[in-house]
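Using this note's numbering, the first residue of the sequence shown is number 3, and each one after it goes up by one.
We put the CB at the ideal spot given by N, CA and C, even for glycine.
Predicted, not measured: the structure shown is a model, and the values here were computed from it.
Structure first, then comments.
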Amino acid sequence: MVAEGTAEQETEMEQKVPAARDAGGHENGELEMAVCTLEEPAASNRLPEKPEEPRKWMCAIMFLCFYGFMASIKPGEPFITPYLLSTEKNFTKQQVTNEITPVLTYSYMAVLVPTFLLTDLLRYKPVLVIQGVSQVVIWLILLLGTSLIQMQFMEFFYGVTMACRVAYSSYIFSLVTPGLYQRVASYSRSSVLLGVFTSSVLGQLFISVGKITYTTLSAISLGFVSFGLVLSLCLPWPKRSLFFNQAWNQEHREAAAQVASKAELDKMNPKDGGLTTALAPCSASRWKDSIFVQMLMELRTVVKRPNLRLWSLWWVFNSTGYYLVLFYVHILWSNFSISSENKNVYNGGVEAASTLLSALTAFTAGFVKIRWNIWSELVIAVITALQAGLLLLMGTTDNLWVCYMSYVLFRGFYQFLVPIATFQIASSLTKELCALVFGINTFLGTILKTIINLIFADKRGLALDVHSQFLVYFIYFTVLTVIYFISAAIVIIRHYRNHGGASQQSELPELTNVAAEAEPLSSSNNAKT
């Protein structure tokens, strides 16, 4: 899940490590698109919902979108790496590359699963407050910290902030009925992307036109995130959530119905005793019948579906390489000579351009109509090959502007596939199972990022310089390209051999039909494959 939510969810890590820290492709932001593309569960399996007043929920959505916009404005974020390398902080490139930046991946992996569970258990708002507090701590450390250990703590809190973004992606769906999911997801996603774009532009204007120092820019960012913390405290507290609280509410209602039924029976037959055992069946079966446990049992069906398996693997492996590039590209840019002067650092402008292109490519992906059961592997292979070529160019060029353009295109290619992957995965799963699948995909990708970081970037591993790391990423994407092309050849040859080019057998059933066939998860029946 996580999602990114999901996939438009895909969110929300966008400035210092653009798509990794602020709403781009989410890792967590991408959960929104995933949830909103799902078919609405059957009425018989849904909890009865009290219709909300349009004005009330619209005000709540507007406030949440305003919060998402303001929480994304951190003008100093694209310039954190130049700030650490400047005379104002005076850290070396080796320290930033091999000792400070790797902590982000480790902390994110450590807190991702607990945050995912607590988000649902605590019903979103407390996690958003924790995210706001973490943001304030980050910028306070950047302003006041001077030691290596303090900067490592700063990266730790960045990991916490990234993990907490799942709360924003999921929160909005607790405010409205399922029929409004797609609309409100577009609102929340657009507000975050607009915030990231505005933040990048502001940061670049402050540096290039205002000629302010990195310290002053960090102080401005601290003001914005402090305001975001205040807004998080004012958010309404939802009464339901996706997993735990929904299950508890259902059990509570069932228990109440049992109590009422038992009371009627006792009135007719007083000898049968009181209500002492009315709640026992519910209590005894609460854990076993919970939605979360049922979904864990359903995961084995996911790996049996070729389409879900392919796009889940793409999500794990390609997102790993994507976010590693985002984590270290600012260090790569710092190696160019013109980056030594404040006025010639254009990180903010590049992040703004890449965010805009990512939004356009993600929008364009929604209009692509091909037989994905036949051509998915080939499309993934071609785009992965293009990304590999861009990584080779970024790691070997001596021209900063070529590096900038390669990065913008690299991000655009990835964001083109994100909504496609999200729809391919989400459209044939129930809402709850979809969230769990995206969460597991994100966690597996985080584990892989951690392993690669530990081997190649960390001081305790090979401690490669940033150019060598980008060559490693190039090799990584090249290996993925070869695997995807081999898989594409096998699928295409098998298809035309088995069906002789007949379109009747080659077309994949409409994803909406597949989604309709998948029964929503309940405590008594499983999602059908």
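Outcome for residue i when other beta-carbon atoms lying within 10 angstroms are tallied against a minimum of 16
i           : result
residue 393 : buried
residue 172 : buried
residue 386 : buried
residue 148 : exposed
residue 325 : buried
residue 104 : buried
residue 68  : exposed
residue 201 : buried
residue 448 : buried
residue 470 : exposed
residue 436 : buried
residue 498 : exposed
residue 372 : exposed
residue 116 : exposed
residue 306 : exposed
residue 137 : buried
residue 76  : buried
residue 121 : buried
residue 178 : buried
residue 365 : exposed
residue 225 : exposed
residue 350 : buried
residue 301 : exposed
residue 212 : exposed
residue 209 : buried
residue 310 : buried
residue 191 : buried
Integer-rounded CB distance, given that residue j should sit under 8 Å from residue i
i           : j           : result
residue 474 : residue 333 : That belief does not hold up - the Cβ atoms of residue 474 and residue 333 are roughly 14 Å apart, past 8 Å.
residue 215 : residue 90  : 7 Å
residue 126 : residue 165 : Wrong, their Cβ atoms sit about 14 Å apart, outside the cutoff.
residue 143 : residue 66  : Contact doesn't hold; Cβ gap of about 28 Å is too wide.
residue 198 : residue 161 : In fact, because the Cβ distance is near 19 Å, the residues do not count as touching under 8 Å.
residue 452 : residue 72  : Actually they do not touch by this definition, with Cβ atoms about 31 Å apart.
residue 368 : residue 193 : Not a contact, Cβ separation roughly 19 Å.
residue 472 : residue 397 : 3 Å
residue 118 : residue 323 : Not a contact, Cβ separation roughly 23 Å.
residue 240 : residue 176 : 4 Å
residue 135 : residue 231 : 6 Å
Nearest-angstrom Cα separation, counted from residue j out to residue i
i           : j           : result
residue 235 : residue 445 : 28 Å
residue 131 : residue 185 : 25 Å
residue 337 : residue 233 : 38 Å
residue 140 : residue 439 : 31 Å
residue 308 : residue 500 : 17 Å
residue 375 : residue 490 : 10 Å
residue 304 : residue 347 : 46 Å
residue 229 : residue 492 : 54 Å
residue 460 : residue 450 : 14 Å
residue 457 : residue 128 : 35 Å
residue 92  : residue 80  : 18 Å
residue 425 : residue 413 : 19 Å
residue 82  : residue 428 : 36 Å
residue 181 : residue 335 : 45 Å
residue 483 : residue 59  : 46 Å
residue 488 : residue 494 : 10 Å
residue 100 : residue 74  : 27 Å
residue 95  : residue 88  : 10 Å
residue 153 : residue 377 : 46 Å
residue 463 : residue 108 : 14 Å
residue 391 : residue 400 : 16 Å
residue 37  : residue 62  : Any answer about residue 37 is weak, because its pLDDT of 48 lies below 50 and its placement is not dependable; what the coordinates show is given next. Distance between the alpha carbons of residue 37 and residue 62 is about 19 Å.
residue 355 : residue 422 : 22 Å
residue 527 : residue 432 : Residue placement at residue 527 is flagged as unreliable, the pLDDT there being 40, under the threshold of 50; a coordinate-derived value is accordingly withheld.
Requested in this report: Flag this pair as touching only if the region 395-411 and the region 478-489 have three or more C-beta atom pairs under 8 Å; answer yes or no.
Outcome: no
Query raised in the report: Is the region 345-362 touching the region 411-426, taking contact as three or more C-beta pairs under 8 Å?
Result: yes
Query raised in the report: Between the region 374-383 and the region 309-318, do at least 3 Cβ pairs fall closer than 8 Å?
Result: yes
Query - Inter-stretch contact (C-beta, 8 Å, three-pair minimum) for the region 100-117 and the region 219-230 - result: no
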